[in-house]
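*Asks:* Take a look at this one; I'll ask things after.
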Amino acid sequence: MGRNSVAVLDVRSSEIAVVVGERGVNNTFVFKASKTEPYDGYDEESFFDVDKLAEAISNAVGAVEQITNERIRRIYIGVPGAFTRVVPKEQVNGFPNKRKIGRKELDALFAGGKEPLEGYRFMRATSMIYVTADNRRVVDPTGLASSVLSGVLSYFYCREYFAETMENIFSRMKISIRFLPTEYAMASYLIPSETRDEYALFLDAGFMSSTLCVLFGNGVLAQRTYFVGRGQIAVLLMQRFSLPYEAAVALLSKANLYARTKSGSIEFNFRGATYEIDGDALIDTVKEGLDQICEAVGGFLEECAAKELDYKPLYVSGDGLADIRGALEHVSKRINRVCEQLAPDLPYYNKPSMSSRIALVDMAYEDQRKSGLLYRILNAIGG
């Protein structure tokens, strides 16, 4: 694979996607290949069928390699919220004398808070905010002189089960792997840094699981995953109207929560079969499913209760709510908070369902760039 290209694996709760891309002009992306494969998903503990997961990944990798005519030797894997744990910590380092803060001091601050976590594997650490001896709160203290450096830091861990599962799959393909926290990648890519400096709420609404985050600065203060999403709403439709599950998923796009009058019957065709669906019952059932998401958001906000979060909008992305007409407005009304849909600002990829894979490419590219020899030399000498 080309030196400037990165390959990522985006693991969602109903499908996986392998993408190969690189930076273009003006901070845009050039995507060489992408392949999406469905699989059975996961629950709170594990994947439902590891063999089918492995088959989906193998098929996607093979298709991408065939399209690019290049061998993938390293892949960055997005770790979904269900297999991620975020540990926020406040660290303080004091120095005998005032000194200029550089990479050495920052590395020591992060190292002091890095601890083993049973059942998990360390992925990365980021800063929310730094504070110097004179109580200056800064996003980056590099170059400042201080006798004390403290920081509110976020430590990201991947569940060992997930890491070992992926290692087993990719060892057969002789591809080395790196892990990235998916929701943090999405939030930091989609939400401007100036917004995150004052706290921000983010919801990655998925198919079978959804993850909520409180963002602060360049880190995550709190993160929780709930098993609610588009798939669970489809289950309610399946039960209400005696539909096959795939038909219930397709029926979701027929719901219009903006409707103010009686809808009457809807004729719904799916794979040669025709169903008569009561329009009002359809809307009521979809709202019932959305209320499960609202309850998760409400519980998370109660858990993270702080005046700093009052009146903050909820930024939403992911494939869970995007094409259910009126869904975001319903959630906004129920949680009494403005909700704003986010998607990549890229032609052809400006859909919420594309957010995770684009964000992972962005983070993978930055990680690869910072691991380069020239970057490390310049960073070491302050260039």
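If you count the sequence shown from 1, position 120 lands on 101 in this note's numbering, and the numbers rise without skipping.
Just so it is clear, CB atoms sit at the ideal spot from N, CA and C, and this is done for glycine as well.
Since the model is a prediction, treat every value here as computed from it, not as a measurement.
The beta strand (DSSP E) spanning T65 covers which residue range?
*Replies:* Against the sequence shown, residue 65 aligns to sequence position 84. It spans T65 to K81 - the beta strand (DSSP E) in which T65 sits, taken as one unbroken run.
*Asks:* Run through DSSP, which three-state label would C285 get?
*Replies:* For this step, residue 285 is matched to residue 304 along the sequence shown. C285 falls in the coil class under three-state DSSP.
*Asks:* Within 10 angstroms of the Cβ of K79, are there 16 or more other Cβ atoms? Answer buried if so, exposed if not.
*Replies:* Start at 1 with the first residue of the sequence shown, and residue 79 comes out as number 98. Exposed.
*Asks:* Please identify the residue among N116, S313, Y57 and M104 whose C-alpha is closest to the C-alpha of Q131.
*Replies:* For the purposes of this step, residue 131 is identified with residue 150 of the sequence shown, where counting begins at 1. Before going on, a small fix: residue 131 reads as Ser here, not Gln. Of the candidates N116, S313, Y57 and M104, the one whose C-alpha sits nearest the C-alpha of S131 is N116.
*Asks:* Thinking S234 and D304 are a contact (beta carbons under 8 Å), I'd like their distance in whole angstroms, please.
*Replies:* Looking up residue 234 in the sequence shown gives position 253. Looking up residue 304 in the sequence shown gives position 323. The pair is a contact, with the Cβ atoms about 6 Å apart (cut-off 8 Å).
*Asks:* Excluding the 5 residues preceding and the 5 following I(-3) in the sequence, name in chain order all residues of the same chain whose CB lies nearer than 8 Å to its CB.
*Replies:* Walking along the sequence shown from the start, residue -3 turns up at place 16. Excluding sequence neighbours, I(-3) sits near L(-10), D(-9), T17, E18, Y20, L34, A37, I38 and A41.
*Asks:* Would you kindly work out how many angstroms separate the C-alpha atoms of E51 and V0, rounded to a whole number?
*Replies:* Position 70 of the sequence shown, counting from 1, holds the residue named residue 51. Position 19 of the sequence shown, counting from 1, holds the residue named residue 0. Those two C-alpha atoms are separated by around 13 Å.
*Asks:* Mark Y57 as exposed unless 16 or more other C-beta atoms lie within 10 angstroms of its C-beta, in which case mark it buried.
*Replies:* Position 76 of the sequence shown holds residue 57. It counts as buried.
*Asks:* Relative to the C-alpha of D272, which residue among A240, V312 and G5 is closest?
*Replies:* By one-based count along the sequence shown, residue 272 stands at place 291. Of the listed residues, the one whose Cα sits closest to D272 is V312.
*Asks:* Measuring CB to CB, does T123 end up less than 8 Å from L327?
*Replies:* Translated into positions along the sequence shown, residue 123 becomes position 142. Translated into positions along the sequence shown, residue 327 becomes position 346. Taking 8 Å as the Cβ cut-off, T123 and L327 do not qualify as a contacting pair.
*Asks:* Using the rule of at least 16 other Cβ atoms within 10 Å of the residue's Cβ for burial, across every protein chain shown, is I48 buried or exposed?
*Replies:* As a working mapping, residue 48 is identified with position 67 in the sequence shown. Exposed is the call here.
*Asks:* Please report the straight-line C-alpha distance between L359 and K85, rounded to a whole angstrom.
*Replies:* If you number the sequence shown from 1, residue 359 lands on position 378. If you number the sequence shown from 1, residue 85 lands on position 104. Summary for L359: the model assigns pLDDT 39, below 50, so the residue's position carries little reliability; its value from the coordinates is reported in the next sentence. Each residue's alpha carbon lies about 14 Å from the other.
*Asks:* What is the DSSP secondary structure of R102, reduced to helix, strand or coil?
*Replies:* As a first step, residue 102 is located in the sequence shown; it is residue number 121 there, counting from the start. In this structure, R102 counts as strand in the three-state DSSP scheme.
*Asks:* Can you give me the Cβ contacts of A229 inside the same chain, cut-off strictly under 6 Å, excluding the 5 residues immediately before and after it?
*Replies:* Sequence index remark: in the sequence shown, residue 229 carries index 248 (1-based). These residues qualify, in order along the chain: A215, L218 and M219.
*Asks:* If you count every other CB in all the chains shown that lies within 10 Å of the CB of G364, and 16 or more means buried, which is it?
*Replies:* Taking the sequence shown and counting its residues from 1, one reaches residue 364 at position 383. Its pLDDT being 35, under 50, G364 is placed unreliably in this model, and the value from its coordinates should be taken loosely. By the 10 Å Cβ count, G364 comes out exposed.
*Asks:* So, with DSSP's three-state summary, where would you put V342?
*Replies:* Counted from its first residue, the sequence shown places residue 342 at position 361. V342 falls in the helix class under three-state DSSP.
*Asks:* Count the C-beta pairs between the stretch 87 to 97 and the stretch 168 to 179 that are closer than 8 Å, then say yes if the count reaches three, no if not.
*Replies:* Contact between the stretch 87 to 97 and the stretch 168 to 179 is absent, because fewer than three Cβ pairs lie under 8 Å.
*Asks:* Quick check on the DSSP output: the alpha helix (DSSP H) that includes L34 runs from which residue to which?
*Replies:* For the purposes of this step, residue 34 is taken as the residue at position 53 of the sequence shown. From DSSP, the alpha helix (DSSP H) with L34 extends over V31 to T49.
*Asks:* Assign R211 to one of three DSSP states: helix, strand, or coil.
*Replies:* As a position in the sequence shown, residue 211 is number 230, starting the count at 1. The answer is helix: DSSP assigns R211 an H, G or I state.
*Asks:* Between the stretch 201 to 211 and the stretch 59 to 67, do at least 3 Cβ pairs fall closer than 8 Å?
*Replies:* Flag = yes, the stretch 201 to 211 and the stretch 59 to 67 touch.
*Asks:* Following the continuous beta strand (DSSP E) through L193, name the residue where it begins and the one where it ends.
*Replies:* In the sequence shown, counting from the first residue as 1, residue 193 sits at position 212. S191 to F197 is the extent of the beta strand (DSSP E) around L193.
*Asks:* Is R306 helix, strand or coil when you go by DSSP?
*Replies:* The count along the sequence shown starts at 1 and reaches residue 306 at position 325. Three-state result, R306: strand.
*Asks:* Tell me, to the nearest whole angstrom, how far the beta carbon of T107 is from that of L125; I am working on the premise that it is less than 8 Å.
*Replies:* Residue mapping note: residue 107 aligns to position 126 of the sequence shown, counting from 1. Residue mapping note: residue 125 aligns to position 144 of the sequence shown, counting from 1. Actually they are not in contact, since the Cβ atoms of T107 and L125 sit about 19 Å apart, beyond 8 Å.
*Asks:* Quick check for students: name the residue ranges of the beta strand (DSSP E) that lie wholly in the stretch 132 to 171, counting only runs of 3 or more.
*Replies:* Correct list: 157 to 162.
*Asks:* Taking just the CA atoms, how far does F76 sit from S174?
*Replies:* Taking the sequence shown and counting its residues from 1, the one referred to as residue 174 is at position 193. Taking the sequence shown and counting its residues from 1, the one referred to as residue 76 is at position 95. C-alpha separation (whole angstroms): 30 Å.
*Asks:* From P294 to K268, what distance separates their C-alpha atoms?
*Replies:* Taking the first residue of the sequence shown as position 1, residue 294 is located at position 313. Taking the first residue of the sequence shown as position 1, residue 268 is located at position 287. Approximately 21 Å, taken between the alpha carbons.
*Asks:* Which residues does DSSP pair with V(-13) in a beta bridge?
*Replies:* Counted from its first residue, the sequence shown places residue -13 at position 6. V(-13) pairs with G2.
*Asks:* If you follow the beta strand (DSSP E) that L87 is part of, which residue opens it and which one closes it?
*Replies:* Position 106 of the sequence shown, counted from the start, is the residue given in the question as residue 87. No beta strand (DSSP E) holds L87; the alpha helix (DSSP H) holding it covers R84 to G94.
*Asks:* Bridge partners of N237, per DSSP?
*Replies:* In the sequence shown, counting from the first residue as 1, residue 237 sits at position 256. Paired residues: R306.
*Asks:* I'd like to know if the stretch 187 to 198 and the stretch 278 to 297 are in contact, where contact means that at least 3 CB-CB pairs between them fall below 8 Å.
*Replies:* Verdict: yes, contact present.
*Asks:* Below 6 Å CB to CB, which residues in the same chain sit around R55 once its five sequence neighbours on both sides are set aside?
*Replies:* Position 74 of the sequence shown, counted from the first residue, corresponds to residue 55. So the list reads S157, once near-sequence residues are dropped.
*Asks:* Taking buried to mean at least 16 other C-beta atoms within 10 Å of its own C-beta, is R(-16) buried or exposed?
*Replies:* The residue labelled residue -16 in the question sits at position 3 within the sequence shown. Looking at its Cβ environment, which holds fewer than 16 other Cβ atoms inside 10 Å, R(-16) is exposed.
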